[in-house]
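**Q**
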Amino acid sequence: MEISSKENTQFFSNNTILPVDRSSFKSESSTSKEKQSCRGGIKVFLGALSFVYFAKALSGSYLKSTITQIERRFDIPSSLVGVIDGSFEIGNLLIIILVSYFGAKLHRPRIIGAGCLIMSAGTFLIAMPQFFMGRYQYERFPSTINSTVSISPCVQDESQTPLSALEKSQAKINAGCEKEAGFSMWIYVLLGNLLRGIGETPIQPLGITYIDDYAIEENAALYIGCVQTVAIIGPIFGFLLGSLCAKLYVDIGFVDLDSVTITHKDVQWVGAWWLGYLIAGVISVVASIPFWFLPKHLPRPESRKDSSTSSEHSKFITEDNKDQHKSYQQQVKIAEMAKFLPSLKNLFGNPVYILYLCASIIQFNSLIGMVTYKPKYIEQQYGQTSSKTNFVIGLINIPAVAFGIFSGGLIMKKFRINVLGAAKLSLGSSFFGYLLLLSLFAMGCENSDVAGLTVSYHGTKQTTDYDQALFSECNSGCACSKNDWDPICGENGVTYISACLAGCQASNGSGKNTVFFNCSCVGTLKSPSRSSSAVVGPCQKGNECSKIFLYFLIISVITSYTLSVGGTPGYILLLRCIKPHLKSFALGIYTLAIRVLAGIPAPVYFGAAIDTTCLKWGSKRCGGRGACRLYDSSALRYVYLGLTLVLGTVSIFFSVAVLWVLRKRSSPQDETLSVNGERGACGTKSRKDNFVNSDRLIQTTYWPEKETRL
1 MEISSKENTQ FFSNNTILPV DRSSFKSESS TSKEKQSCRG GIKVFLGALS
51 FVYFAKALSG SYLKSTITQI ERRFDIPSSL VGVIDGSFEI GNLLIIILVS
101 YFGAKLHRPR IIGAGCLIMS AGTFLIAMPQ FFMGRYQYER FPSTINSTVS
151 ISPCVQDESQ TPLSALEKSQ AKINAGCEKE AGFSMWIYVL LGNLLRGIGE
201 TPIQPLGITY IDDYAIEENA ALYIGCVQTV AIIGPIFGFL LGSLCAKLYV
251 DIGFVDLDSV TITHKDVQWV GAWWLGYLIA GVISVVASIP FWFLPKHLPR
301 PESRKDSSTS SEHSKFITED NKDQHKSYQQ QVKIAEMAKF LPSLKNLFGN
351 PVYILYLCAS IIQFNSLIGM VTYKPKYIEQ QYGQTSSKTN FVIGLINIPA
401 VAFGIFSGGL IMKKFRINVL GAAKLSLGSS FFGYLLLLSL FAMGCENSDV
451 AGLTVSYHGT KQTTDYDQAL FSECNSGCAC SKNDWDPICG ENGVTYISAC
501 LAGCQASNGS GKNTVFFNCS CVGTLKSPSR SSSAVVGPCQ KGNECSKIFL
551 YFLIISVITS YTLSVGGTPG YILLLRCIKP HLKSFALGIY TLAIRVLAGI
601 PAPVYFGAAI DTTCLKWGSK RCGGRGACRL YDSSALRYVY LGLTLVLGTV
651 SIFFSVAVLW VLRKRSSPQD ETLSVNGERG ACGTKSRKDN FVNSDRLIQT
701 TYWPEKETRL
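Its first residue numbered 1, the sequence shown is counted upward by one per residue in the UniProt record's numbering.
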């Protein structure tokens, strides 16, 4: 700032020697007007881009909050939900190269606006199946639906059931089969998320470069920081919207809510998942409007016109008003294309870069899998509702992540940490974060007592085959199906899969107030022959589990903060250990590798691993396996946390290797590390010129899905 002010003073003092005429006043006034229009235009663009970042972060986090709702609504396993979640990254990768190259030559604001419209179309498409696949049907005993017909849950033969009830039930099944056989509606959700990924592609590269090109040099980092801050606010509202919609019944507005016999605490409950996508789609449409009225180019600030350190856009993209340099820049482009393979070899020959890339890929596998299935884990492990789970994540975890990212950058700036210190800070953040995560193994709840699944009908722990254990002497006289899932809670605190399997002979009331009597399997250990009653719905977990959940939240927030602190130092390490002219290429390879090797596969294999812990699968109306109804709490805890920790531990070993290479190549005299030959240079000494540029470049890069990294 001091140097620039001196140069400006000298510039104006030199101008005073020249004769002053009216033309100089005209040029000065036109310059001031141009400066004002530049500032006004860039601020309008900044506001519009911030809102777009908010919109895309909101819709992305809302998808995470509806994972369990989508799984139940479409009766699909977690592994398939993982494929749907990863389709966003696939859509992004399909056109990222085309957008990054050709987008910079075209009308960037309008391309961003078109991307917002595509993103909104994808969001609307995700919600469309709700309007075509009929009303949601959950498993319920007929007496809880129609109070005018008294049916014994323990049906010994079909003659005991009224013919009209059987015919109505069979008609519903046949109608459901006709709809289900013709459509696999979850495909529309996948395609919609794919479109979201395509529409989101131009927002980050074109939006950030537009700001970098036309903002005043010293304001560029501030503007980009504002955009990223708003992007972190988006997931907070996304999860809060998910919490609100999860409380509303899926068919709200289409059915009489008084006829709904389940509550939001029931495992079969599906919230109004589609409603949030309609809201997010409308927000994306509104966000696109300003970009259609913004100019292709803004007046470039005086300080940027002749700057040798201007943005990459001004270096590598030929402007329309630079025809005199056209032939020269074409030669430069051809030379750059010829250097692609040597640059790739140079990049992958840098041991610090390749080791950090491996560490990041494995760590993002760990984090993406953990974040995607965190709502499901909380619901199944601690017996919390989807609404409360999303509320907690949105209001507690995400602010902790935002504060951690900010703290990491603040520590780097305050203590002027060099590249070796950045490697230590990144490693320490990961180490202590995963160490805290290790303590969560001790913060799990025991399995709920479910007769025939987790405990026997005599109250002992279940060790035999689950399918055979569902039947016992107490329900041997009933013609029950093992595929049903209509849980009831006995007065002994044990959940039974259905009233039939509980041996209940009579019922009273209707809907949510149904009470079953003379249940032969519901008895105490002291008097097993005593017949008892049961109510609709599974038994709730004890008060002890609620206390453990509170401890889990505290450790989870601290862990989220600790892991997030290492994000910015990691990028410092990445950027300062490669040659300056390879930075953009290195960041492109880094982002591509994270998306392909972490963003796409992690949700799939995490979901497949979680599926192995299922104790009771639901059945589709036309046969076949549906969504999981009950998980083994202990197995789920070990699989979910274990897979996260194993991947995290492997990434820590790579981070240790990075630190070892840096120490080996560093000079103890001046703390400057250099790599000879074609391997580039990596300096640990603080460099003021490069420090500013590196910080700005860090702000412009995109940490994949960092807004939802918990």
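The beta carbon of each residue, even a glycine, is placed where N, CA and C say it ideally should be.
It should be emphasised that the depicted structure is a prediction, and the values quoted were computed from it without experimental measurement.
Below 8 Å CB to CB, which residues in the same chain sit around Glu28 once its five sequence neighbours on both sides are set aside?
**A** Along the sequence shown, read from residue 1 onward, the residue named residue 28 stands at position 28. Here Glu28 scores only 46 on pLDDT, less than 50, and its place in the model should not be relied on; the value that follows carries that caveat. Closer than 8 Å at the Cβ level, and outside the excluded window around Glu28, lies no residue.
**Q** Check the C-beta distance from Glu89 over to Ser78 and give it rounded, since I have them as a contact under 8 Å.
**A** For the purposes of this step, residue 89 is taken as residue 89 along the sequence shown, with counting starting at 1. For the purposes of this step, residue 78 is taken as residue 78 along the sequence shown, with counting starting at 1. In fact, because the Cβ distance is near 18 Å, the residues do not count as touching under 8 Å.
**Q** On the criterion of 16 or more Cβ atoms from any shown chain inside 10 Å, does Lys413 qualify as buried, or is it exposed?
**A** Translated into positions along the sequence shown, residue 413 becomes position 413. Exposed, since its Cβ has fewer than 16 Cβ neighbours within 10 Å.
**Q** Roughly how many whole angstroms lie between the Cα atoms of Leu106 and Leu222?
**A** Taking the first residue of the sequence shown as position 1, residue 106 is located at position 106. Taking the first residue of the sequence shown as position 1, residue 222 is located at position 222. Leu106 and Leu222: Cα-Cα distance of roughly 26 Å.
**Q** Closest to Arg665 by CA distance: which of Val285, Val267, Val419, Ser100 is it?
**A** Position 665 of the sequence shown, counting from 1, holds the residue named residue 665. If we check each option's Cα against that of Arg665, Val419 comes out closest.
**Q** Can you find at least 3 beta carbon pairs, one from the region 621-636 and one from the region 415-430, that sit closer than 8 Å?
**A** In short, these stretches do not touch, since the Cβ pair count stays below three.
**Q** My understanding is that Leu347 touches Ile548, with C-beta atoms under 8 Å, so please give their C-beta distance in whole angstroms.
**A** By one-based count along the sequence shown, residue 347 stands at place 347. By one-based count along the sequence shown, residue 548 stands at place 548. About 47 Å separates the two Cβ atoms, so there is no contact after all.
**Q** With a CB to CB cut of under 6 Å and the five nearest residues on each side skipped, what residues in its chain are close to Asn508?
**A** The sequence position of residue 508 within the sequence shown is 508, counting from 1. Counting only Cβ-Cβ distances below 6 Å, and skipping sequence neighbours, we find Val515.
**Q** Which stretch, first to last residue, makes up the beta strand (DSSP E) that contains Asn518?
**A** Sequence index remark: in the sequence shown, residue 518 carries index 518 (1-based). First-last of the beta strand (DSSP E) with Asn518: 515-519.
**Q** DSSP state of Ser651, grouped into three classes?
**A** Taking the first residue of the sequence shown as 1, we reach residue 651 at position 651. Note: Ser651 maps to helix in three-state DSSP.
**Q** Can you list, in chain order, the residues of its chain whose CB lies under 8 Å from that of Gln268, leaving out five sequence neighbours each side?
**A** For this step, residue 268 is matched to residue 268 along the sequence shown. Arg72, Tyr138, Glu139, Ile262, Trp485, Arg629.
**Q** Just to confirm, does Thr644 get its C-beta within under 8 Å of one of the non-hydrogen atoms of the ligand GDP?
**A** By its list of ligands, the structure shown contains no ligand whatsoever, and the ligand GDP lies outside what it can speak to.
**Q** Considering only residues of the same chain and omitting the five flanking positions on each side of Asp21, which have a CB-CB separation below 6 Å?
**A** Locating residue 21 in the sequence shown gives position 21, where the first residue counts as 1. Low per-residue confidence applies at Asp21: pLDDT is 46, beneath 50, and the placement is therefore not dependable, though the value from the model is reported in the following sentence. Around Asp21: no qualifying Cβ.
**Q** How would you call Asp611, buried or exposed, if buried means at least 16 neighbouring beta carbons within 10 angstroms?
**A** For this step, residue 611 is matched to residue 611 along the sequence shown. Asp611 is buried by the Cβ-count criterion.
**Q** Taking only the alpha-carbon atoms, compute the straight-line gap between Gly537 and Tyr136 and give it to the nearest angstrom.
**A** In the sequence shown, counting from the first residue as 1, residue 537 sits at position 537. In the sequence shown, counting from the first residue as 1, residue 136 sits at position 136. Cα-Cα distance, rounded: 18 Å.
**Q** What do you reckon, are the CB atoms on Leu82 and Phe606 nearer than 9 Å?
**A** For the purposes of this step, residue 82 is identified with residue 82 of the sequence shown, where counting begins at 1. For the purposes of this step, residue 606 is identified with residue 606 of the sequence shown, where counting begins at 1. Here the sequence assigns Gly to residue 82, which means Leu is not the residue at that position. A contact, by the Cβ cut-off of 9 Å.
**Q** What separation, rounded to the nearest whole angstrom, lies between the Cα atoms of Val639 and Ala609?
**A** As a first step, residue 639 must be located in the sequence shown, where it is residue number 639. As a first step, residue 609 must be located in the sequence shown, where it is residue number 609. For Val639 and Ala609, the distance between alpha carbons rounds to 7 Å.
**Q** Note the first and the last residue of the continuous beta strand (DSSP E) segment covering residue 711.
**A** The chain is shown from 1 up to 710; residue 711 falls before or after that span and cannot be answered.
**Q** List the DSSP bridge partners of Tyr590.
**A** By 1-based counting over the sequence shown, the position of residue 590 is 590. Its beta-bridge partners do not exist; DSSP assigns none.
**Q** So is residue 770 buried or exposed if we call it buried at 16+ other beta carbons inside 10 Å?
**A** As shown, the chain starts at 1 and ends at 710. That puts residue 770 outside it, with no answer to give.
**Q** Rounding to the nearest angstrom, what Cα-Cα distance links Leu194 and Val494 in this structure?
**A** Working through the sequence shown from its first residue, we reach residue 194 at position 194. Working through the sequence shown from its first residue, we reach residue 494 at position 494. If you take the alpha carbons of Leu194 and Val494, they lie about 44 Å apart.
**Q** With a Cβ-Cβ cutoff of 9 Å, do Gly271 and Lys247 count as a contact?
**A** In the sequence shown, counting from the first residue as 1, residue 271 sits at position 271. In the sequence shown, counting from the first residue as 1, residue 247 sits at position 247. In contact: Gly271 and Lys247 (Cβ atoms closer than 9 Å).
**Q** Which residues mark the beginning and the end of the alpha helix (DSSP H) in which residue 713 is found?
**A** Given a span of 1 to 710 for the chain in the structure shown, any question on residue 713 remains unanswerable.
**Q** Give me the DSSP bridge partner(s) of Leu489.
**A** The sequence position of residue 489 within the sequence shown is 489, counting from 1. This sequence places Cys at residue 489; Leu is not what is there. Partner(s): Thr495, Val535.
**Q** Closer than 6 Å by C-beta to Ile126: which residues in its own chain qualify, once you throw out the five before and the five after it? Chain order, please.
**A** If you number the sequence shown from 1, residue 126 lands on position 126. Result list for Ile126: Val189, Gly192, Tyr277, in chain order.
**Q** For Gly199 and chain B, any beta-carbon pair shorter than 9 Å?
**A** The question asks about chain B, but that chain is absent: this structure has only one protein chain.
**Q** Check each candidate in Arg196, Ile198, Gly566 and name the one with the smallest Cα separation from Gly404.
**A** Within the sequence shown, the letter at position 404 stands for residue 404. Taking only the C-alpha atoms, the option nearest Gly404 is Gly566.
**Q** Taking the alpha-carbon positions, what's the Ser284 to Leu117 distance?
**A** Translated into positions along the sequence shown, residue 284 becomes position 284. Translated into positions along the sequence shown, residue 117 becomes position 117. C-alpha separation (whole angstroms): 7 Å.
**Q** Among Glu544, Val557, Phe585, Ser498, which has the Cα closest to the Cα of Phe533?
**A** Translated into the one-based positions of the sequence shown, residue 533 becomes position 533. In the sequence on display, residue 533 carries Ser and not Phe. Residue Ser498 is the option with its Cα nearest to Ser533.
**Q** Could you give the residue range of the alpha helix (DSSP H) that holds Ser426?
**A** Looking up residue 426 in the sequence shown gives position 426. Residues 419-438.
**Q** Tell me whether the region 644-664 and the region 429-443 touch, counting them as touching only if at least three CB pairs, one residue from each stretch, are closer than 8 Å.
**A** The region 644-664, when compared against the region 429-443, does touch it at the 8 Å Cβ threshold.
**Q** Please go through the same chain and pick out, in chain order, the residues whose beta-carbon is closer than 8 Å to the beta-carbon of Glu379, but skip the five residues on each side of it.
**A** Residue numbering aside, residue 379 sits at position 379 when the sequence shown is read from its first letter. Thr68, Thr385, Ser386, Thr389.
**Q** For the beta strand (DSSP E) containing Leu615, name the first residue and the last one.
**A** Numbered from 1 along the sequence shown, position 615 holds the residue referred to as residue 615. Leu615 -> beta strand (DSSP E) spans 614-619.
**Q** Exposed or buried, what is Phe239 when buried is set at 16 or more other beta-carbons lying within 10 Å of its beta-carbon?
**A** Position 239 of the sequence shown, counting from 1, holds the residue named residue 239. Buried is the call here.
**Q** Count Cβ pairs between the region 345-361 and the region 198-205 that sit closer than 8 Å; are there 3 or more?
**A** With the cut-off at 8 Å, the region 345-361 and the region 198-205 do not touch.
**Q** Sorted by chain position, which residues of the same chain lie with C-beta nearer than 6 Å to Gly113's C-beta, five sequence neighbours on each side aside?
**A** Working through the sequence shown from its first residue, we reach residue 113 at position 113. Correct list, in chain order: Ser288, Phe291, Trp292.
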